[in-house]
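Protein chains: 2
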Amino acid sequence: MTVTLADVAARARVSPATVSRVLNGNYPVATATRERVLRAVDDLDYVLNGPASSLAAATSDLVGVLVHDIADPFFGIMAGAAQSEIGGQEGTGRAGGEKLAVVCNTGGSPERELTYLTLLQRQRAAAVVLTGGAVEDPAHTAAMTAKLGKLAAAGTRIVLCGRPPLPEPDQAVAALAFDNLGGGRRLTEHLVALGHRRIGYIAGPVGRTTTRHRMEGHRAALAAAGLGGGAAEQDRLTVHGPYDRRSGYDAAAELLHREPALTAIVAANDTVALGACAALRDRGLRVPGDVSVAGFDDLPFSADAVPALTTVRLPLVEAGARAGRLAMGREAPPPGGIATVPADLVVRSSTARPPGGG
Amino acid sequence: MTVTLADVAARARVSPATVSRVLNGNYPVATATRERVLRAVDDLDYVLNGPASSLAAATSDLVGVLVHDIADPFFGIMAGAAQSEIGGQEGTGRAGGEKLAVVCNTGGSPERELTYLTLLQRQRAAAVVLTGGAVEDPAHTAAMTAKLGKLAAAGTRIVLCGRPPLPEPDQAVAALAFDNLGGGRRLTEHLVALGHRRIGYIAGPVGRTTTRHRMEGHRAALAAAGLGGGAAEQDRLTVHGPYDRRSGYDAAAELLHREPALTAIVAANDTVALGACAALRDRGLRVPGDVSVAGFDDLPFSADAVPALTTVRLPLVEAGARAGRLAMGREAPPPGGIATVPADLVVRSSTARPPGGG
DNA sequence: ATGAGAGCAGCAAGCGCTTTCTACGCGATA
DNA sequence: TATCGCGTAGAAAGCGCTTGCTGCTCTCAT
Numbered sequence: 001m002t003v004t005l006a007d008v009a010a011r012a013r014v015s016p017a018t019v020s021r022v023l024n025g026n027y028p029v030a031t032a033t034r035e036r037v038l039r040a041v042d043d044l045d046y047v048l049n050g051p052a053s054s055l056a057a058a059t060s061d062l063v064g065v066l067v068h069d070i071a072d073p074f075f076g077i078m079a080g081a082a083q084s085e086i087g088g089q090e091g092t093g094r095a096g097g098e099k100l101a102v103v104c105n106t107g108g109s110p111e112r113e114l115t116y117l118t119l120l121q122r123q124r125a126a127a128v129v130l131t132g133g134a135v136e137d138p139a140h141t142a143a144m145t146a147k148l149g150k151l152a153a154a155g156t157r158i159v160l161c162g163r164p165p166l167p168e169p170d171q172a173v174a175a176l177a178f179d180n181l182g183g184g185r186r187l188t189e190h191l192v193a194l195g196h197r198r199i200g201y202i203a204g205p206v207g208r209t210t211t212r213h214r215m216e217g218h219r220a221a222l223a224a225a226g227l228g229g230g231a232a233e234q235d236r237l238t239v240h241g242p243y244d245r246r247s248g249y250d251a252a253a254e255l256l257h258r259e260p261a262l263t264a265i266v267a268a269n270d271t272v273a274l275g276a277c278a279a280l281r282d283r284g285l286r287v288p289g290d291v292s293v294a295g296f297d298d299l300p301f302s303a304d305a306v307p308a309l310t311t312v313r314l315p316l317v318e319a320g321a322r323a324g325r326l327a328m329g330r331e332a333p334p335p336g337g338i339a340t341v342p343a344d345l346v347v348r349s350s351t352a353r354p355p356g357g358g
Numbered sequence: 359m360t361v362t363l364a365d366v367a368a369r370a371r372v373s374p375a376t377v378s379r380v381l382n383g384n385y386p387v388a389t390a391t392r393e394r395v396l397r398a399v400d401d402l403d404y405v406l407n408g409p410a411s412s413l414a415a416a417t418s419d420l421v422g423v424l425v426h427d428i429a430d431p432f433f434g435i436m437a438g439a440a441q442s443e444i445g446g447q448e449g450t451g452r453a454g455g456e457k458l459a460v461v462c463n464t465g466g467s468p469e470r471e472l473t474y475l476t477l478l479q480r481q482r483a484a485a486v487v488l489t490g491g492a493v494e495d496p497a498h499t500a501a502m503t504a505k506l507g508k509l510a511a512a513g514t515r516i517v518l519c520g521r522p523p524l525p526e527p528d529q530a531v532a533a534l535a536f537d538n539l540g541g542g543r544r545l546t547e548h549l550v551a552l553g554h555r556r557i558g559y560i561a562g563p564v565g566r567t568t569t570r571h572r573m574e575g576h577r578a579a580l581a582a583a584g585l586g587g588g589a590a591e592q593d594r595l596t597v598h599g600p601y602d603r604r605s606g607y608d609a610a611a612e613l614l615h616r617e618p619a620l621t622a623i624v625a626a627n628d629t630v631a632l633g634a635c636a637a638l639r640d641r642g643l644r645v646p647g648d649v650s651v652a653g654f655d656d657l658p659f660s661a662d663a664v665p666a667l668t669t670v671r672l673p674l675v676e677a678g679a680r681a682g683r684l685a686m687g688r689e690a691p692p693p694g695g696i697a698t699v700p701a702d703l704v705v706r707s708s709t710a711r712p713p714g715g716g
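Chains as they are written, first to last, in this note's numbering: chain A, 1 to 358; chain B, 359 to 716.
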């Protein structure tokens, strides 16, 4: 039925051991022998049995990339960049280093995150890349830490991309953390500098590090300008929701309802910001004429929106690629295992001075 | 070091065979025994060794989902929908049916498509879902057909989603083909009905089925209205490019250069259409006041664009989910193994009657 | 009471590969 | 000429799991 190593060995008139060595290329094999084996492989159309190989070698060439939402370009871009570093090298022929990068979609669910990690652990994955913010639930954090510790102990390399380091930093875990706090602060500082005083905030889902950090940056900027207000006031001008367009639309409407004199809205990300713009437009308000709007991430479509979105640029491609290299062990981990990825303000045309004020 | 089945068996005071059977749940085991085993599993924190299991059982729980560009929501949406059907069922506990859906990013490269297929074949994947258009190169088509045939022969289920059936239909391959031709035709018919006579076409990359079918639909509509012109004229009003925003921007500029009197532009997809809109805007042309623009796919952001995009709706979530179920063998394949997914015209505000005419 | 049969658990033979250790042949060295 | 060592190939022992088959222990009908 299926062709096995032994079949190839028989045809090449060598032992299975030799075939294995030719295929793995980490043992001296005479050129003539090698060629004979390679020819037999081609003739027989032999395909290595992955499970058998992984079992015997106690390692596999699977690398998992976990994302919250595969339909969101924020994750797609990072995952794509990581994957091209992992399974990428075209034309490398049958040379090593080729790994199978697989992206797993958790849908933002903690359970599925854990489930995928177990599945990856089952497969004895060579590495795991976790992208996006972490869920801030003590129980889940503990479970994740334990699971990741076990994976690391089993030799699986762990890389966090766009996610803060674990509470108890592990040597074996590299973290590429986005400067969400700094980015959020700079964004709101920009708005404040333009003269805005009543700024609504559309936050991401509750209980996510990304949500919290961006919001803390926003509030820090407000506080620094003496615009903090009380906790109650802050909450009044904040609406939480998922990272999608619809959420932005609804939240903007809600904010306008709570505070009709709003002159600016800061959104948790670009997609949400675009939803907010739509809501504003539907109410006859102009952006940025009546209300300024800002996003976060600087996804490709943000530059093309009308008006072009003021946002915070996150180098997703670079970060994803670096995470991929880290996962492959092709790049030295940053000192302390932790690196901060910059988040720079990008001013475009969706923000301007407030109508009367300024 | 790592806990094995034998360790669990020892602790539960049963044979390894019994533990295996409890875990796989496909053999009668007395309740008391089962519970003892389950307790031992928990106590020891046992995690099945996937490769060993796959080797012994000659099957694996990996399902591959191939996409051209993971950063493109068109693929992200389909892949996410498929994945939720494959690895989804929350709370199913340790019950079967749980598979590891992994998405592989080919970047549109034929070589990588083949490479991933081989990697999946290595892993003895349970199923493979291929999304998006196929590359129309005889050599590649032959290679793919051969490879898919081998996979199918090895028991891997194959599902094509948004891709036409193989040249020589295989019983084991299910295909969910998008009605790109019909959608393209209806879209252009709409433009013609509005009174447009000089319509530019921004096509996708050369040599892809999707590109060709959409374009053929466009040209069929033109021909039916007696607007076909000669082949040379058709080519003059057609520009090819990748499926990205930049390509749309450049192509629109080029079309305008070739035919300044253009009153409408049909783009290969929504992203490209948005790029075209940006180019038009930058030249001081209004959409749809001066030039109408239409896209394809109806991605989420299309409804939010300004102006909202007239496009062709593809039920990506439904198609992806169905592909997932097909891959799991949870849904009967369509008659003949082929089903056509409808592509309906969605008229919004980016198209209107041409300026002077109509 | 006894034989048949159902229900459940164990034995042991692999699944296809990797890798350690051993063996062989040959040119170089003494 | 005898010895050593290098380069290369083979033998064989698993890696951890699944599963066909065997066999034990009860229960139930005769």
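Even glycine gets a Cβ: it sits at the ideal position worked out from N, Cα and C.
Report task. Using a Cβ-Cβ cut-off of less than 7 Å, list which residues of the stretch 480-502 of chain B approach chain A; keep chain order. Result -> In summary, the residues of the stretch 480-502 of chain B whose CB is separated from some CB of chain A by less than 7 Å are 480, 481, 482, in the order they occur in the chain.
Query - Proximity to residue 347 (chain A) [Cα-Cα], best of A:274, A:310, A:339, A:206 - result: A:310
Requested in this report: Return no unless some Cβ of chain B is closer than 8 Å to the Cβ of residue 70 (chain A).
Outcome: So yes, residue 70 (chain A) belongs to the interface.
Query raised in the report: So which of A:157, A:154, A:156, A:173 has the shortest CA-CA distance to residue 163 (chain A)?
Result: A:173
Query raised in the report: Using CA coordinates, which residue listed in B:630, B:662, B:425, B:659 is at the minimum distance from residue 651 (chain B)?
Result: B:630
Query raised in the report: Quick one: which chain A residues come within Cβ less than 9 Å of residue 633 (chain B)?
Result: Under the 9 Å cutoff, chain A gives 304.
Requested in this report: Verify whether the separation of the beta carbon atoms of residue 641 (chain B) and residue 620 (chain B) is less than 8 Å.
Outcome: no
Query raised in the report: How about residue 645 (chain B) and residue 665 (chain B): do their beta carbons lie closer than 8 Å?
Result: yes
**Report entry** 9 Å Cβ cut-off: residues of chain A touching residue 462 (chain B)
**Finding:** 83, 87, 100, 101, 102, 103
Report task. Identify every residue that forms a DSSP beta bridge with residue 615 (chain B). Result -> According to DSSP, residue 615 (chain B) bridges with nothing at all.
Requested in this report: Output, in chain order, the set of chain B residues within a Cβ distance shorter than 9 Å of residue 245 (chain A).
Outcome: 658, 659, 661, 662, listed in chain order.
Requested in this report: Sort out for me which residues DSSP pairs residue 64 (chain A) with in a bridge.
Outcome: A:102, A:128
Query raised in the report: With a cut-off of 8 Å, does the C-beta of residue 253 (chain A) fall near any C-beta of chain B?
Result: In terms of beta-carbon proximity, residue 253 (chain A) stays away from the interface with chain B, with every pair separated by 8 Å or more.
Requested in this report: Inspect the beta-carbon positions of residue 24 (chain A) and residue 70 (chain A) and report whether they are closer than 8 Å.
Outcome: no
Query raised in the report: Leaving out five residues before and five after residue 604 (chain B) in sequence, what residues of the same chain have Cβ atoms less than 8 Å from its Cβ?
Result: 633
Query raised in the report: Would DSSP call residue 370 (chain B) helix, strand or coil?
Result: helix
Requested in this report: Please confirm whether residue 159 (chain A) and residue 126 (chain A) have their CB atoms less than 8 Å apart.
Outcome: no
Requested in this report: Using only alpha-carbon positions, find the residue among B:525, B:368, B:481 that is nearest to residue 500 (chain B).
Outcome: The shortest C-alpha separation from residue 500 (chain B) is found at B:525.
**Report entry** Rounded distance between the beta-carbons of residue 268 (chain A) and residue 243 (chain A), thought under 8 Å
**Finding:** 6 Å
Query raised in the report: Roughly how many angstroms separate the alpha carbons of residue 179 (chain A) and residue 169 (chain A), rounded to a whole number?
Result: 18 Å
Query raised in the report: Among the residues of its own chain, which have a CB less than 6 Å from the CB of residue 19 (chain A), if the five just before and after it don't count?
Result: 5, 8, 9, 37
Query raised in the report: Under 8 Å between the Cβ atoms of residue 410 (chain B) and residue 55 (chain A)?
Result: yes
Query raised in the report: Counting only beta-carbon atoms, is residue 418 (chain B) nearer than 8 Å to chain A?
Result: So yes, residue 418 (chain B) belongs to the interface.
Query raised in the report: Using a C-beta to C-beta distance shorter than 8 Å, which residues of chain B count as neighbours of residue 73 (chain A)?
Result: 429, 430, 431, 434
Query raised in the report: Does any CB atom of chain B fall closer than 8 Å to the CB of residue 195 (chain A)?
Result: no
**Report entry** residue 324 (chain A) and residue 85 (chain A) closer than 8 Å at C-beta
**Finding:** yes
Report task. Compare the C-beta of residue 107 (chain A) against all C-beta atoms of chain B and say whether one is closer than 8 Å. Result -> yes
Query raised in the report: How is the beta strand (DSSP E) around residue 292 (chain A) delimited, first residue to last?
Result: First-last of the beta strand (DSSP E) with residue 292 (chain A): 292-294.
Query raised in the report: Could you give the C-beta distance for residue 544 (chain B) and residue 703 (chain B), rounded to a whole number, given that I count them as a contact under 8 Å?
Result: 4 Å
Query - Alpha carbon of residue 568 (chain B) to alpha carbon of residue 541 (chain B), nearest angstrom - result: 11 Å
Query raised in the report: Cβ atoms of residue 67 (chain A) and residue 79 (chain A): under 8 Å apart, would you say?
Result: yes
Query raised in the report: Start and end of the beta strand (DSSP E) containing residue 474 (chain B)?
Result: Residue 474 (chain B) -> not in any beta strand (DSSP E); alpha helix (DSSP H) instead, spanning 468-480.
Query raised in the report: residue 677 (chain B): buried (16+ other C-beta within 10 angstroms of its C-beta) or exposed?
Result: Looking at its Cβ environment, which holds 16 or more other Cβ atoms inside 10 Å, residue 677 (chain B) is buried.
Query raised in the report: Rounded to whole angstroms, how far is the Cβ of residue 188 (chain A) from the Cβ of residue 202 (chain A), which I believe are closer than 8 Å?
Result: Taking C-beta atoms under 8 Å as the contact rule, residue 188 (chain A) and residue 202 (chain A) fail to qualify, at a distance of about 13 Å.
Requested in this report: Could you tell me the distance, in whole angstroms, from the CA atom of residue 441 (chain B) to the CA atom of residue 418 (chain B)?
Outcome: 16 Å
Query raised in the report: In three-state terms, what does DSSP make of residue 157 (chain A)?
Result: strand
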